[in-house]
Structures are given as C-alpha cells and as structure tokens.
Amino acid sequence: MKTGVPRKMVTIRRISSINPHALHSRKFCQVMVDNWSVIARKEHGFKVNELVAFFEPDSFIPDNETFSLVNFTSELGGNCSRIKFQNTDGYRVSINRHKASPLAAAGGKVRIMSEAFICRIEKIPRLRAAYAAKLAEGRAKDMIGQELDHYIRSADFSTDIGVTKWEAARADASINPPCPFFILGTQINRLANCPNLFIDAKYKTDSYYSYQQTVKKDGCSMTVYYVPATSKYFGLLPDLCSADWNHISSAVSDDGRFGVCTANTEICENIYHVNAEAYWRTALRAKLHKLLRELKQPIAIQGELVGAKASGNPYGYGSDSLHDFFVFGMFDVETGERWKPNDVVDFVKRHQQAYPQLKHVPVVNESVMLHQLADSHAAVQAIADSMDGEEGLVFKCVNDAELSFKVLNSTWRL
C-alpha cells in the first residue's frame, strides 16, 4: 500500500539561505534548499540563490564515471555511507544529526539536521546536459524567474544520471523492518558514566543544570509517531504492503501516518515477533493514534511498555491483563529536537482527561539541583537503592533532555 506520491530523487533547486554559524564544527555550514536542511563544507563556497543538484535522502548514487568529478568523501558532509545495492557499489544519501554550535544551542537547537546532498550541476556532465535540454524545451523558453524555477524543480533527473531509490532489504519477509530513520534512541547514560556531576562547579551553581527526577519503570521501550501527509518526511516512509493488515486503518489515513515501534523495529504488516502485538493493542487502547492525528503535528512519544509480556513481568500483571504505557519523552520528528522534560509532563496532563490511558512515569521532583539531593555518586546510588518496588531513577536536565542519566536500584529483582 503506497503512502505518498512517487519521489523525485534528483532535482535542480535554488539555495534559499546559508547559516555559517549553525554547526559546532567550523568546517561546515547549514545550507537551506527550500525547507530542507543540508550540511556542506564551507570550502565548497555555495552561494544564496545558486542552483544546485539536489539529491533526496535514500538516493543511491552509483560509483561510476558519471560522478567522477564528485569527491564524495569531502562533499557529502558525513551524511552518506558507501554500500553495495543491487550488486552495485555506490553511496546512499542518508539523514544525520550534527552537533549545533553554542550559538544555535542557546537558541534551543541542540542538533542540526542534514537531510540531503547537494553539489554543483557542472560536476555531473550528464546532469548538465539534461538540464540544458530541459531549458531548451518549448514550454521553458517562454518562462523566467520563479515560474522557470518551479518548472525546473518539478523535473526528476534521476533516470538521466542513473540514480535510484535505495530500499532496505529484508533477509526474511517475516521480520519487522527497522524503525524509521527519524526515531531517536531511548538509551541514556548510567550514573557511573557521568564522573563530573559532583566535580564540575556548574552542577552546583548554575540553575540551568536543574534536573527532573522520575521513577524508572522496568519494561520495554516503545515509541509511537505521527507524520502528517504535509510533512517532507511523509514520502520517505516505507510502503505498507498489506492492505488487509489488522491495524492498517489506524496506521494510514489521508492526513498522515501513525506508527508503533519497539527499540529497534517498526511493528507492521501482521509481522510480529513474540509478544509484539501488545505494543499496538496498548497504543490503540490509549487512543494515541487519535490524539496525534488531532494534533496534526510531526510528533513522537516515547515511553515504557509495562505488563505481563514486557521484560519478564516484574510487576506481576495477570497473564490476561492489559499493558500500560508510561511516557518519559517526546520529540519533534522533523527537527529531531527532544522536548524539555517538564513540557512532556504538561502535555500528558493537558490531554489526560480526554485520554485517561495516557500516563507519565511518576515524577519525584520537577526541578532539583543535584547537590540538594546528594553530595556524591554513592549518595545518589543510595537514593535509587531505597526505591522499593522500582527499577531505579532517571534524571533529565530540565533545559536540555539530551543531558540525562539513570541510576539503577541495586536491589531490584534480587
């Protein structure tokens, strides 16, 4: 079942803006092409309003003489991988997140997306020839300005230069596919891997480093997402092949796509690993598909699936009982920005009356400085060890959810 219109993998577009100070690395800049963010090396000297060859994510660029003038190692800005696809060596254009500069981070941007690849048209002679032929067409001869730009941008040049769409191969048709590229991981550091918490003065004196303290639930990581049909990422989602799938009406609508993921896979097409159906049942019971569709925003909600079929059932749910989904994080699908922890709490509270199965992990402290709780790692560990009946604690910086760590209860499951 198709989820969008056929994609145009290679187009010619105009650079709309350049931000030379967006990236932490001074070697790179952020180039905006329409509403796509591209990371490029400053040394290549791209200019605003310059026409460039634009390669969409998942473009497979064969390593052959057509691209002999393109230095992929330096020009792709890190958002590519050398692979073999359909017995051909080449490069896959992928989406990556790069560390933002301190200036951009101060404005709330922790990561900058690189969503495509651009290069100069003249570096691909076959593309230059195809572009010239397009300009010579009867309709194009009478066009100027934005009308001509739109006409050229609507053309797909992928066939002219041998670029195809990369598709993930499934070794076994009974295995669920990987999570969509935009899904953020849920793993966080352990306390032991954060040695400076009681050494660096900022954790004691700078209120920016106040932490939300929550209970860590022992279950399975679960993510639900929604991508509106108007999102630039909608067309990048893999097709759903089974029209008679149990949850197809919940997953796909005219307005967008809803999905449910484990830590590593998207659960779809009646392909379930052992106990995976509990994920979808829990999402539908909480009516998360309806909530996200109502919001019409590219949002993902992450949490812990807890119940009889999750992580060995440490809480003693009945074998036929329903599972619970405890939210612990959210992020913007398009920007990759995690929501601030207490914004997530506010979201759950705001919608809980209409969606009573929408639950947040228990909050111990909304905002607390670490030195107010303890004076050493051992003291923090002792607090976690006193959490009777729970796996431990999670601490997230209230101003930056990327800054987080967990403290596991040493006595849990003993």
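Numbering (my numbering), first residue to last: -19 to 394. C-beta atoms are modelled at their ideal positions from N, C-alpha and C, and glycine is treated no differently.
So, using beta-carbon positions, are residue i and residue j closer together than 9 Å?
i: Val348; j: Tyr206; result: no
i: Ile41; j: Phe97; result: yes
i: Tyr189; j: Asn379; result: yes
i: Val18; j: Ser138; result: no
i: Tyr397; j: Val90; result: No statement about residue 397 is possible, as the shown extent of the chain runs from -19 to 394 and does not include it.
i: Cys9; j: Lys(-12); result: no
i: Thr53; j: Cys159; result: no
i: Ile281; j: Val204; result: yes
i: Asp43; j: Ser74; result: no
i: Phe162; j: Lys103; result: no
i: Ile(-8); j: Ile132; result: yes
i: Leu338; j: Leu271; result: yes
i: Arg77; j: Cys60; result: no
i: Arg(-6); j: Val11; result: no
So is residue i buried or exposed if we call it buried at 16+ other beta carbons inside 10 Å?
i: Ser356; result: exposed
i: Val387; result: buried
i: Glu36; result: buried
i: Arg62; result: exposed
i: Val28; result: exposed
i: Asn169; result: exposed
i: Pro399; result: The displayed coordinates of the chain run from -19 to 394. Any statement about residue 399 would go beyond what the structure contains.
i: Ala2; result: buried
i: Ala223; result: Annotation note: pLDDT 49 at Ala223 (below 50); position unreliable, no value reported.
i: His130; result: exposed
i: Leu171; result: buried
i: Ala181; result: exposed
i: Gly287; result: buried
i: Thr262; result: buried
i: Ala84; result: buried
i: Gly70; result: buried
i: Glu117; result: exposed
i: Ser384; result: buried
i: Ser134; result: exposed
i: Ser(-4); result: exposed
i: Lys79; result: exposed
i: Lys64; result: exposed
i: Lys376; result: buried
i: Ser81; result: buried
i: Arg237; result: buried
i: Arg115; result: The sequence given here places Leu at residue 115; Arg does not occur at that position. Classification of Leu115: exposed, given that the 10 Å Cβ count is below 16.
i: Gly239; result: buried
So, at 8 Å on beta carbons, what are the nonlocal neighbours of residue i in its own chain, with the 5 sequence-adjacent residues on each side left out?
i: Asp235; result: Pro208, Ala209, Arg273, Lys276
i: Ser291; result: Asp198, Gly199, Cys200
i: Ser390; result: Gln361, Ala364, Asp365
i: Ser187; result: Met349
i: Val344; result: Gln193, Thr194, Val195, Leu373
i: Ile101; result: Ile(-8), Leu31, Val32, Ala33, Leu107, Arg108, Tyr111
Ordered along the chain, which non-local residues of its own chain (more than five positions away) have a Cβ less than 7 Å from that of residue i?
i: Lys(-18); result: Residue placement at Lys(-18) is flagged as unreliable, the pLDDT there being 42, under the threshold of 50; a coordinate-derived value is accordingly withheld.
i: Cys99; result: Val32, Ala33, Val50, Glu55
i: Pro342; result: Thr194, Val195
i: Ala381; result: Gly309, Arg318, Trp319, Lys320, Pro321
i: Phe311; result: Leu164, Ala280, Glu317, Arg318, Trp319
i: Tyr297; result: Gly287, Ala288
i: Lys7; result: Arg21, Lys22
May I ask you to check if the CB of residue i is nearer than 8 Å to at least one heavy atom of the ligand FMN?
i: Gln126; result: This structure lacks the ligand FMN, and indeed carries no ligand of any kind.
According to DSSP, what are the bridge partners of residue i?
i: Phe79; result: Note on residue identity: the sequence assigns Lys, not Phe, to residue 79. Answer is Arg91.
i: Pro158; result: Thr245
i: Tyr191; result: Val348, Cys377
i: Ser233; result: Gly236
i: His340; result: Val307
i: Glu284; result: Ser201, Phe306
i: Lys196; result: Gly372
i: Leu388; result: Gly372
i: Asp69; result: Lys64
i: Val13; result: Ile(-5), Trp16
Spatial neighbours of residue i within its chain, please: CB distance less than 6 Å, with the 5 preceding and 5 following residues excluded, ordered by chain position.
i: Val(-10); result: Phe35, Phe137, Ser138, Val143
i: Ala256; result: Ile247
i: Glu397; result: Outside the displayed range of the chain (-19 to 394) lies residue 397, so it cannot be described from this structure.
i: Ala258; result: Lys289, His303
i: Ser211; result: Pro278
i: Gly(-16); result: Bear in mind that the predicted position of Gly(-16) carries a pLDDT of just 48, short of 50, making it unreliable; the figure below should be weighed with that in mind. So the list reads Phe214, Gly215, once near-sequence residues are dropped.
i: Ser299; result: Ala288
i: His340; result: Val307, Val325, Val328
i: Trp392; result: Glu371
* Does the region 17 to 36 come close enough to the region 112 to 123 that 3 or more CB-CB pairs lie under 8 Å? -> These segments do not touch.
* Counting pairs of Cβ atoms below 8 Å between the region 338 to 352 and the region 181 to 196, do you hit three or more? -> The region 338 to 352 vs the region 181 to 196: in contact.
* Would you say the region 158 to 176 touches the region 253 to 272, given that touching needs at least three Cβ pairs under 8 Å? -> No, they do not touch.
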